[in-house]
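Novice:
Number of protein chains: 2
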Amino acid sequence: MNQLYVGIDLGGTNIKLGCFDENMDILYKDNVPTNVGDGPDSIVDRIARAVEDMLAFHNLDTRLITALGIGSPGLIDAENGIVVTTANMGLKNFPLRDLLSQRLHCPVVLENDANIACWAERVAGAGAGCDNMLLLALGTGVGGGIVSDGELVHGWANKAGELGHIVVYPDGRRCGCGQNGCVEAYSSANSTAARALEQIQQGRDSTLEYLYQLNGKITAKDVFNHASKGDPLAIEVTDLTAKALAILCVGLFHFTGPEKIVFFGGMTKAGDLLLDPIKRHFDEQYWTIDNEKPELCLGMLGNDAGIIGSAALAQHCLNCGKFIAIAS
Amino acid sequence: MNQLYVGIDLGGTNIKLGCFDENMDILYKDNVPTNVGDGPDSIVDRIARAVEDMLAFHNLDTRLITALGIGSPGLIDAENGIVVTTANMGLKNFPLRDLLSQRLHCPVVLENDANIACWAERVAGAGAGCDNMLLLALGTGVGGGIVSDGELVHGWANKAGELGHIVVYPDGRRCGCGQNGCVEAYSSANSTAARALEQIQQGRDSTLEYLYQLNGKITAKDVFNHASKGDPLAIEVTDLTAKALAILCVGLFHFTGPEKIVFFGGMTKAGDLLLDPIKRHFDEQYWTIDNEKPELCLGMLGNDAGIIGSAALAQHCLNCGKFIAIAS
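Those protein sequence lines, which keep their order, are chains A and B. At position 318 of the first sequence (counting the first as 1) the number is 318 in the working numbering, and the numbers step up by one without a gap. At position 94 of the second sequence (counting the first as 1) the number is 1094 in the working numbering, and the numbers step up by one without a gap.
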C-alpha cells in the first residue's frame, strides 16, 4: 500500500471512521460512541484510540497514515483547525486539529461537516469532477457547502455556506435564527412538519390528522408518505418545501454559477417525490435568456459521505499545503 | 520606470484608457470614441492605436507595456479571452484578448466590466485589502462581481455574478430576463423609475407627476431628487429599491461570506439617500445569532474603476499566470 488516508465523521452520538487508499477506495470502516459528556479532551482520546484500534485490527500502525481528515458539526475555523462552537458537543474554541495531529503524529485537516459532505459528493459522488458545485444539506435545518473553482469557499471569518438562511420569502415565516422568510423556515424537515401541523390545527382536512392524534406529532417523513398516497394537504406542504428550494437554487445559480446542485441529508430519502417538484418549480422560475442550467440531483454517498469527504479533503489539502497541520 | 500597465475600459460609446505604474498609480489617461458601427476588427485597431498614441504622446513605446487589461460589457469567457456576446457592440465569439495581444505584442487579460469594477474597488477602492467581497453594480440593470478567497469567481461556463437575477420576491414583478421577482425588477434605475410611474398612472399624488407631464418620463434620478425633498411616493419607491437590495445582501452574505458589499454605478450618486435605507433594512432583516456583519458601502472609484481595475487585473494575472495571453 502506497498511501493511507483516514476520514473521521464526528457526531454528537457517534464517531464514524474509515480508512482509504490513494484512490479513495474504502479499506475499512468502524464507529464508536462519542460520549460527549466526558468532555473535550476525552473526545480527542476517543478519536485517536478508535483510529489506533481500527488500524491495529488490520495489523497496521498509525505511522502508516498519510493524512487524516475530520468533519465536525458547528462553526469551524478550517484555516486554524479550530472548533469555534458546537450546538451540542460542548466544544468551544477547541484546537481539535492540532491536538489530533500531535496525538497521532500525522497531518490532520479539520472542516465543517456540511463542507465535508460537499467535498465527498464532489470527489466521489453526484458532483464528481465538478469544479463548481453546491451541496444543500436538508435535515432538521438546512445547511450547505460551496465548491468554487475547485476549492471549498469559507468566506470572511468562515461566514460562507449558511445557505439555509438565505431569505426566499421576505417578511415570511419566522426562522429560529431571528430572520423572517429563510429557506430553512420553509424547507427543513422541522419546518415542513410544522407547516403541515399548523394547517391541521387550523382545521384543514388531511389523512395526517389521525397520525397527529395518535402520536402527538407529525414528521416531514409523515408528510412525504401521505403526499405519496395523494393527501392534498401533504402534497401542498411538500410543494412549498420544493418551491422554496427551487427559488433558492435559481438565486444560487445566478450567484456562483454551479454546474450541479446536490441535495443531501435525511429529507432526500423522499427521492423523486421531493426532487421532481423542485425541478418543476426551478424550470418555472428560471430565466428564458439562457438554456443552460445547473443539474439538480440527489447525493449518492449517504452515511459514508462524512468519512469519504474528510479522507479525500485530507489528501487534497496535503497536496496543496492548505489548512493542514503537519505533525512534527 | 520599472513596470507599465495599461487598463482599457471598452464601452459602447467610448474607449477609456489609462497608464499605470506597478503601484497602480495613474500616469496618463485618455479616451476615444468606439465607433461600433465600423465592426469588430476596427475595434481592435482603434484600441491598439489609442494605446500607441497615448504612449507616443508621452514619448513611450508599446514595447514598454508590462501587461494590458481590458474590460468589456457582455458575456465574457475570461479564461479563453473571448467576448461571447454583447448587447450592443456587435461582438460575438470574438477573440479580443488574443487579437490585442498579437497586435500590441504584450500580455493581455480580458474580463467582464462588472468583474473589472469589483477588482478595482478590491485593489484600490472601498474593498481594498478584502479577500472576500462583492460589488453590486446599480445602473440601468443590476450586475455584480464576486471576489472569494482573493480571486474573482467565474463559475461553470462563466455563469457566476448575475446578481441582478437573484429572486428576492417570488412571484413578484416581471423581469426582462423572463423571471419574476428578480432584484433587478425592483432596484435597477429602470425599475425604480417604472415603479414610480405605475403608481402615478394609478392616481397616486406625487410631486413627480408634474415632471412626468412635462417630460413624458420619470428617471430614477428624479425619484431620488423628489425623495430628498420629502415626496411621500418618491420616498416609498426609494425605500422598496433599498429593501430589495437589503434582502439580496442578507442572502449574499450568508452565501459566500463577504467582508464588504460595495455598491457601484450610476444609482449610487444618490449617496446616503439610498445607502441609509439599505443599511436600515439590512439590520432589520439580518439574523440575531451573530453580531458580525458585512460592511455595506459605496464604491470610491467612479468612472476610473474600469481603467484601474483592468490594469490591476493584468498585473494580478501576470503574477499568477492565469487567464492571460502572452504574446510571442
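For every residue, glycine included, the Cβ atom is placed at its ideal position computed from N, Cα and C.
1) Does residue 156(A) come within less than 7 Å of chain B when only Cβ atoms are used?
2) Contact defined as beta carbons within less than 8 Å: I believe residue 51(A) pairs with residue 17(A). What is the distance between those atoms, to the nearest angstrom?
3) Measuring CB atoms only, is the stretch 274 to 287 of chain A touching the stretch 152 to 159 of chain A, in the sense that at least three cross pairs come out at less than 8 Å?
4) In terms of residue numbering, what span does the beta strand (DSSP E) encompassing residue 19(A) cover?
5) Using DSSP with H/G/I as helix, E/B as strand and the rest coil, what is residue 118(A)?
6) Relative to the C-alpha of residue 137(A), which candidate in 208(A), 152(A) and 116(A) has its C-alpha closest?
7) Output, in chain order, the set of chain A residues within a Cβ distance shorter than 8 Å of residue 1177(B).
8) Mind pulling the chain B residues with CB within less than 7 Å of residue 150(A)?
9) Residues of chain A with CB closer than 8 Å to the CB of residue 1163(B), please, in chain order.
10) Could you check the C-alpha separation between residue 1169(B) and residue 248(A) for me, to the nearest Å?
11) Quick check on this structure: which residue in 13(A), 19(A) and 2(A) has the alpha carbon closest to the alpha carbon of residue 304(A)?
12) Determine the direct distance from the alpha carbon of residue 1326(B) to that of residue 1035(B), and round the result to whole angstroms.
13) Does the stretch 1268 to 1276 of chain B come close enough to the stretch 1307 to 1322 of chain B to have 3 or more Cβ pairs within less than 8 Å?
14) When you compare each of 22(A), 113(A) and 118(A) to residue 73(A) by their alpha carbons, which one comes out closest?
15) Report all residues from its chain with a CB closer than 8 Å to the CB of residue 271(A); omit the five preceding and five following residues, and keep chain order.
16) Start and end of the alpha helix (DSSP H) containing residue 368(A)?
17) Contact check, residue 189(A) vs residue 227(A) under 8 Å by CB: the rounded distance?
18) Taking a contact to mean a Cβ-Cβ separation below 7 Å, would you say residue 1126(B) touches residue 1267(B) in this structure?
19) I want to know whether the stretch 1023 to 1034 of chain B touches the stretch 121 to 135 of chain A - three or more CB-CB distances under 8 Å.
20) Does residue 1224(B) come out as helix, strand or coil in the three-state DSSP assignment?
21) With a cut-off of 8 Å, do at least 3 Cβ pairs link the stretch 143 to 153 of chain A to the stretch 162 to 176 of chain A?
22) Going by beta-carbon coordinates alone, are residue 206(A) and residue 240(A) separated by less than 7 Å?
23) Any beta-carbon of chain E closer than 7 Å to the one on residue 251(A)?
24) Measure the C-alpha to C-alpha separation of residue 302(A) and residue 27(A) and round it to an integer number of angstroms.
25) If the cut is a Cβ gap below 8 Å, which residues of chain B does residue 190(A) touch?
26) Anyone know if the C-beta pair for residue 340(A) and residue 48(A) falls short of 7 Å?
27) If you compare alpha carbons, which of 1259(B), 1037(B) and 1012(B) is closest to residue 1295(B)?
28) Taking its Cβ as the centre, do 16 or more other Cβ atoms sit within 10 Å of residue 1111(B), making it buried, or is it exposed?
29) Could you tell me which chain A residues have their CB closer than 8 Å to the CB of residue 1262(B), listed as they occur along the chain?
30) Residue 10(A) bridges to which residues according to DSSP?
31) What separation, rounded to the nearest whole angstrom, lies between the Cα atoms of residue 223(A) and residue 236(A)?
32) What is the DSSP secondary structure of residue 300(A), reduced to helix, strand or coil?
33) What span of residues does the alpha helix (DSSP H) with residue 43(A) cover, start to end?
34) When the distance is taken between beta carbons, is residue 1108(B) closer than 7 Å to residue 1094(B)?
35) Using 7 Å as the limit for Cβ to Cβ distance, is residue 1160(B) near chain A?
36) Which residues in chain A have a C-beta closer than 7 Å to the C-beta of residue 1169(B)? List them in chain order.
Specialist: With the given structure in hand:
1) yes
2) 6 Å
3) no
4) 14 to 20
5) helix
6) 116(A)
7) 287, 288 and 289
8) Ordered by position in chain B, no residue passes the 7 Å Cβ test against residue 150(A), which lies about 11 Å from the chain.
9) 254 and 255
10) 11 Å
11) 19(A)
12) 28 Å
13) no
14) 113(A)
15) 298
16) The question about residue 368(A) has no answer, for chain A in this structure spans 1 to 328.
17) Residue 189(A) to residue 227(A), Cβ: 14 Å. No contact.
18) no
19) no
20) helix
21) yes
22) no
23) Note that chain E does not occur in the displayed structure, where the protein chains are A and B.
24) 18 Å
25) Simply none; closest approach about 16 Å.
26) Because chain A here runs from 1 to 328, residue 340(A) falls outside it and cannot be looked at.
27) 1259(B)
28) buried
29) Neighbours of residue 1262(B) on chain A: none; closest Cβ ~14 Å, over 8 Å.
30) 15(A)
31) 10 Å
32) coil
33) 40 to 57
34) no
35) yes
36) 170
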